[in-house]
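Q: Protein chains in written order, with my numbering: chain W, 253 to 596; chain S, 49 to 299; chain L, 474 to 763.
Ideal placement from N, C-alpha and C gives every residue a C-beta, glycine not left out.
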Amino acid sequence: MMTHSDVINSVPQTATPGTPAAVHQLLSARRFRPAETLPWVLAMAAYFVLPQYFQLGAQILIMVLFALSFDLLLGYGGIVTLGHAAYFGAGAYTAGLLAKYGWGEPLSALLVSGLVAGILGTLAGAVILRTRGLALLMLGMAVSLLLLELANNLTDITGGADGLQGMNLSPLLGQFDFDMFGKTAYVYSLAVLFVAWLLLRHLVNSPFGRSLVGIRQNPARMQALGVSVWARRLTAFAISSALAGIAGALSAQTSQFVSLSVFGLELSGMVIVMLVMGGTGRLYGAFVGATVYMVAQDMLSKDQPTTWLFWIGLLLILLVLFNRGGLLGLCDAARRRIVNKEAP
Amino acid sequence: MSLPVIETRGLRRQYGSFIATDNVDFSMKAGERRALIGPNGAGKTTFLNLLTGQILPSGGSVLLNGADVSRIPMHRRVRRGIARTFQLNTLLRESTALENVQLAVLEHQGLGGRLFGGAAAQRHAADVAMDILSTLGMSVHAGHRIRDLAYGRQRLVEIAIALALRPKLLLLDEPAAGVPPADSHLVMDTIAALPDDIAVLIIEHDMKLVFRFAHRINVLVQGRMLTEGTPADIAADPQVREVYLGKARHD
Amino acid sequence: MNTANILVGIAFSGAAYAMVLYMTSVGLSVTMGLLGVANLAHGAFAMAGGYFLVTFMDRLAVPFGLAVVLACVAVGGLSLVLERWVYARVYKATELDQVVLSMGLIFVGTAIAQFVFGAQPVRVVIPDAIGGQLAAGGGFTFPVYRIFLIVTGLAIFAGLWVTIEKTLIGARIRSAVDNRAMAEALGLNSKQLFAAVFALGSVLAALGGAVGADVMAIEPEYALKHLVYFLIVVAVGGLGSVKGPFLAALLLGLGDATCKILAPEFGGIFIYIALFLILLVKPNGLFGRA
Numbered sequence: 253m254m255t256h257s258d259v260i261n262s263v264p265q266t267a268t269p270g271t272p273a274a275v276h277q278l279l280s281a282r283r284f285r286p287a288e289t290l291p292w293v294l295a296m297a298a299y300f301v302l303p304q305y306f307q308l309g310a311q312i313l314i315m316v317l318f319a320l321s322f323d324l325l326l327g328y329g330g331i332v333t334l335g336h337a338a339y340f341g342a343g344a345y346t347a348g349l350l351a352k353y354g355w356g357e358p359l360s361a362l363l364v365s366g367l368v369a370g371i372l373g374t375l376a377g378a379v380i381l382r383t384r385g386l387a388l389l390m391l392g393m394a395v396s397l398l399l400l401e402l403a404n405n406l407t408d409i410t411g412g413a414d415g416l417q418g419m420n421l422s423p424l425l426g427q428f429d430f431d432m433f434g435k436t437a438y439v440y441s442l443a444v445l446f447v448a449w450l451l452l453r454h455l456v457n458s459p460f461g462r463s464l465v466g467i468r469q470n471p472a473r474m475q476a477l478g479v480s481v482w483a484r485r486l487t488a489f490a491i492s493s494a495l496a497g498i499a500g501a502l503s504a505q506t507s508q509f510v511s512l513s514v515f516g517l518e519l520s521g522m523v524i525v526m527l528v529m530g531g532t533g534r535l536y537g538a539f540v541g542a543t544v545y546m547v548a549q550d551m552l553s554k555d556q557p558t559t560w561l562f563w564i565g566l567l568l569i570l571l572v573l574f575n576r577g578g579l580l581g582l583c584d585a586a587r588r589r590i591v592n593k594e595a596p
Numbered sequence: 049m050s051l052p053v054i055e056t057r058g059l060r061r062q063y064g065s066f067i068a069t070d071n072v073d074f075s076m077k078a079g080e081r082r083a084l085i086g087p088n089g090a091g092k093t094t095f096l097n098l099l100t101g102q103i104l105p106s107g108g109s110v111l112l113n114g115a116d117v118s119r120i121p122m123h124r125r126v127r128r129g130i131a132r133t134f135q136l137n138t139l140l141r142e143s144t145a146l147e148n149v150q151l152a153v154l155e156h157q158g159l160g161g162r163l164f165g166g167a168a169a170q171r172h173a174a175d176v177a178m179d180i181l182s183t184l185g186m187s188v189h190a191g192h193r194i195r196d197l198a199y200g201r202q203r204l205v206e207i208a209i210a211l212a213l214r215p216k217l218l219l220l221d222e223p224a225a226g227v228p229p230a231d232s233h234l235v236m237d238t239i240a241a242l243p244d245d246i247a248v249l250i251i252e253h254d255m256k257l258v259f260r261f262a263h264r265i266n267v268l269v270q271g272r273m274l275t276e277g278t279p280a281d282i283a284a285d286p287q288v289r290e291v292y293l294g295k296a297r298h299d
Numbered sequence: 474m475n476t477a478n479i480l481v482g483i484a485f486s487g488a489a490y491a492m493v494l495y496m497t498s499v500g501l502s503v504t505m506g507l508l509g510v511a512n513l514a515h516g517a518f519a520m521a522g523g524y525f526l527v528t529f530m531d532r533l534a535v536p537f538g539l540a541v542v543l544a545c546v547a548v549g550g551l552s553l554v555l556e557r558w559v560y561a562r563v564y565k566a567t568e569l570d571q572v573v574l575s576m577g578l579i580f581v582g583t584a585i586a587q588f589v590f591g592a593q594p595v596r597v598v599i600p601d602a603i604g605g606q607l608a609a610g611g612g613f614t615f616p617v618y619r620i621f622l623i624v625t626g627l628a629i630f631a632g633l634w635v636t637i638e639k640t641l642i643g644a645r646i647r648s649a650v651d652n653r654a655m656a657e658a659l660g661l662n663s664k665q666l667f668a669a670v671f672a673l674g675s676v677l678a679a680l681g682g683a684v685g686a687d688v689m690a691i692e693p694e695y696a697l698k699h700l701v702y703f704l705i706v707v708a709v710g711g712l713g714s715v716k717g718p719f720l721a722a723l724l725l726g727l728g729d730a731t732c733k734i735l736a737p738e739f740g741g742i743f744i745y746i747a748l749f750l751i752l753l754v755k756p757n758g759l760f761g762r763a
């Protein structure tokens, strides 16, 4: 067992050319790995190989973005709310109203919608994050349900239960019309998702992102490091809601319609299901979970909604009881098993 | 006469009719080595929590370097120079020792909330963290996950994190608790080698550690400060003996 | 005369709804407070109570009173099984896990209900003895069943309050809520106690669901449809409290009835704003323990 003085005398201090292995390991976590190009390769392949599924594809990409935004809050921040649809919906209606009342340029409208949702998130979050547990869950829900009621009642503006119609979108980048096959929608959604993903990937590897994980695991510890837990969480909430708003705006712009369901509990629940299925707190869980869910839903739920509900429910129960961290967690476990088997 | 690093005046904390901390006066100077002892349930951890700001007092005041911080929340007090370790490890178990300390360094440098441009900061902080771990003899273990480390070494990482905050006052809550006897010298050596400009208050039950390390000892019983003195004074004090040994001797 | 009639009408339907809400939610308050389990699927027990009631009455020609009792017993048994095999595993799990688990249970419950009973709400036939209207002079008439509901709700409240505050069992429950480890060290078999409390909560929900079928229709979507209101009652009332949900249910029930009659478009909005304000000032609810 090394003593204190042994170490002082033998181990070289830092700023030597050979950076200690531990430091190396820490810093290399941020580097891009080849496997990370996979989702994008697949998405681009789908463009060529599955042209009849552009609409569905765009919806999937939008849900991936929505799930990603929620993962920042839930998976990284550890904040459990059932009302994330509030910000999706805020973005959707903003984009819808802009397009309906003369602002047809999609990209700028997208950014404005994200901004609106982000501001809403900041205001709501400032209040909600003062609570925890059931109160936090409830207040999160309350925001989305409140907005749902408002949208339902302000029929003149939002179209109420009939939904917002009459959106008039100019061609994207002045060139690409939103065609009825969804080609533009698909590429547009993919591009937005890509940028958002780059941003989020950077954030979770930044000091901010890592401190967020620390807060999730042990808020008292982080406070003892001088961190204002509320302020960090609020930042996460703001970013998360802005991105959710962008997803909502994309949804509105690509389908040229906004219904009340953008504020609904079903949507809030759906995004939790997608994340849990794919694996929370891992960025790619959103990709896997949203894709699998949307594809399965498209295939199964139209004909047999009851059966669909049953199996999804059962899946959730099993996921929790056997706690493997979703599909990505299962993959990890399988990989570890294989590695252990191969090791001598 | 220099200002005490930490001072409490008539500090009181009660829960309903239960008085956890009863009119405590306490002070420490820079560089002092103090131990706080007392039977279980005496309120030592409560007192510590009042110093750090994890709980707020019902009465009295806490002064840090002469400034009244009684109502200031914990995270702001930390920025003014108080750091603590926890009785039960609060390390991020899935992260490495280096990552844990690096986080603390980043926070201390005010860069913990950085969204952009953090790459250089993280590199620098990792180096600083490595330094700190080295001075504690942990450079070999820096890259190991906390859950893979022996408990004694985990306690050292707790201390390393607190040191990363460059505190003026370091509060150690039972640092040797739960450490197997074979490893306890690790903790003891580390505490003995702490920098001289930091004031250190240690809550401990391990009397060997206390008597070896402390310049002065405070005894807390049922929320009240029973007495304070040098190790020799305390060892000889009949009141202290009675508190620890109870009335058994008299039977 | 007309205003008075309206006010009385509000008071009655509001209070009746409040009582049903109370009975279905109080079990959730106790299980969340005691077991610390965020069980969003609690409403499914209420729904099951209603479905069992209908099954016993329609298929087995059991009279109303007995059928209610049997329904409660059935749901109690079901809940014990679920507690042992499913819920007990998540007592120590994260909040997210518990939320997701209960979401899964709601989905499964809804799917099963839809499969067995169809998507339409089922009708409960109220016996003549407690049905119809009661004329009480001055032109007022009261629906007798509503009175029955109010009386039942009050009785449940009184019974619970006395049990929790005044009996030994209640003291045991309260001590286990405050400090489980300590209570166990003192010889309390918390496993059995928790199972018993869970069953109690579910039985109460079943009772509320069964007798309240007139007010809150029994349909597959029941658990989801009323989830928000159950949670509001519990969050506002305070976890682990018996009084809190009572007050919260009254506020919600009367508020809801008032809004329905006076300002139908804005009812929902007031409720959520009130929820916001109350939880801001008292995040643990009106009577919650910290």
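Answer yes if the segment 219-228 of chain S comes into contact with the segment 240-256 of chain S, meaning at least three C-beta pairs across the two stretches below 8 Å, and no otherwise.
A: yes
Q: What's the gap between the Cα of residue 290 of chain W and the Cα of residue 300 of chain W?
A: 16 Å
Q: Given that residue 123 of chain S touches chain W, what residues does it touch there, using C-beta distances under 7 Å?
A: 475, 478, 479 and 480
Q: Between which two residues does the beta strand (DSSP E) harbouring residue 62 of chain S extend?
A: Following the DSSP letters along the chain, one finds residue 62 of chain S inside the beta strand (DSSP E) bounded by residues 54-63.
Q: Report the neighbours of residue 221 of chain S on chain W: residues whose CB is nearer than 8 Å to its CB, in chain order.
A: Correct list: empty, because the minimum Cβ distance to chain W is about 11 Å.
Q: Taking any Cβ of chain S, which residues in the segment 419-448 of chain W have a Cβ under 8 Å from it, in chain order?
A: none
Q: Starting from residue 221 of chain S, trace the alpha helix (DSSP H) both ways and give me its first and last residue.
A: Looking at the DSSP string, residue 221 of chain S is not in any alpha helix (DSSP H); the run it does join, the beta strand (DSSP E), is 217-221.
Q: Quick check: the Cα distance between residue 202 of chain S and residue 194 of chain S, rounded to an integer number of angstroms?
A: 7 Å
Q: Under 8 Å Cβ to Cβ from residue 87 of chain S, same chain only, skipping five residues before and after it: list those, please.
A: 269, 291 and 292
Q: For residue 640 of chain L, decide whether its Cβ has a neighbour in chain W, counting only Cβ atoms nearer than 9 Å.
A: Cβ-Cβ to chain W under 9 Å: no for residue 640 of chain L.
Q: Near residue 358 of chain W, what residues of its chain come up, given a Cβ to Cβ distance below 6 Å and the 5 sequence neighbours on each side ignored?
A: 421, 424 and 505
Q: Could you tell me which uninterrupted alpha helix (DSSP H) segments, each at least 4 residues in length, are contained entirely in the segment 104-134 of chain S, listed from first to last along the chain?
A: 122-127
Q: Using the rule of at least 16 other Cβ atoms within 10 Å of the residue's Cβ for burial, across every protein chain shown, is residue 496 of chain L buried or exposed?
A: buried
Q: Residues in the same chain with beta-carbon distance under 6 Å from residue 581 of chain W, minus the five sequence neighbours each way, listed in chain order, please.
A: 531
Q: Kindly indicate which residue of W/569, W/545 and W/332 has the alpha-carbon position closest to the one of residue 313 of chain W.
A: W/545
Q: Which first and last residues belong to the beta strand (DSSP E) in which residue 558 of chain W is found?
A: Premise fails: residue 558 of chain W lies in the alpha helix (DSSP H), 557-574, not in any beta strand (DSSP E).
Q: Please report the residue range of the beta strand (DSSP E) in which residue 608 of chain L lies.
A: 606-608
Q: Compare the beta carbon distance of residue 520 of chain L and residue 702 of chain L with 9 Å and say whether it is the shorter of the two.
A: no
Q: Can you tell me whether residue 276 of chain W is buried or exposed, with buried defined as 16 or more other CB within 10 angstroms of its CB?
A: Residue 276 of chain W should be labelled exposed.
Q: If you follow the beta strand (DSSP E) that residue 68 of chain S is in, where does it begin and where does it stop?
A: In the DSSP annotation of this structure, the continuous segment of the beta strand (DSSP E) that includes residue 68 of chain S starts and ends at 66-76.
Q: Taking the Cβ atom as the reference point for each residue, do residue 326 of chain W and residue 515 of chain W lie within a distance shorter than 9 Å?
A: Cβ atoms of residue 326 of chain W and residue 515 of chain W: not closer than 9 Å.
Q: Does the separation of the CB atoms of residue 679 of chain L and residue 544 of chain L fall below 9 Å?
A: yes
Q: Below 8 Å on the Cβ atoms is my contact criterion, and I expect residue 540 of chain W with residue 579 of chain W to pass it. Report the Cβ-Cβ distance as a whole number of Å.
A: 5 Å
Q: By alpha-carbon positions, which one of W/495, W/480 and W/584 ends up nearest to residue 455 of chain W?
A: Here the closest residue by C-alpha is W/495.
Q: Assign residue 742 of chain L to one of three DSSP states: helix, strand, or coil.
A: DSSP, reduced to helix, strand and coil, places residue 742 of chain L within a helical segment of the structure shown.
Q: Checking contacts by CB at 9 Å: is residue 80 of chain S closer than that to chain W?
A: no
Q: Sort S/95, S/114 and S/112 by Cα distance to residue 106 of chain S and report the nearest one.
A: S/95
Q: Within 10 Å of its beta-carbon, does residue 65 of chain S have 16 or more other beta-carbons around it, so buried, or fewer, so exposed?
A: exposed
Q: Under the assumption that residue 391 of chain W contacts residue 574 of chain L (Cβ atoms under 8 Å), give the Cβ distance between them as a whole number of angstroms.
A: In fact, because the Cβ distance is near 22 Å, the residues do not count as touching under 8 Å.
Q: Rounded to whole angstroms, what's the CA-CA distance from residue 710 of chain L to residue 73 of chain S? Just pull it up for me.
A: 41 Å
Q: Could you give the first and the last residue of the continuous alpha helix (DSSP H) run that contains residue 489 of chain W?
A: 481-507
Q: Any beta carbon from chain S within less than 9 Å of residue 383 of chain W's own beta carbon?
A: So no, residue 383 of chain W is outside the interface.
Q: Give the C-beta separation of residue 595 of chain L and residue 604 of chain L to the nearest angstrom, bearing in mind that I take them to be a contact with Cβ-Cβ under 8 Å.
A: Cβ-Cβ separation between residue 595 of chain L and residue 604 of chain L: approximately 17 Å, too far for a contact (criterion under 8 Å).
Q: By how many angstroms is the C-alpha of residue 306 of chain W removed from the C-alpha of residue 374 of chain W?
A: 34 Å
Q: At a CB-CB cut-off below 7 Å, which residues of chain W make contact with residue 196 of chain S?
A: Near residue 196 of chain S there are no residues of chain W at all, since even the closest Cβ is about 13 Å away, more than 7 Å.
Q: In chain order, what residues of the same chain have a beta carbon less than 6 Å from the beta carbon of residue 433 of chain W, not counting five sequence neighbours either side?
A: 306
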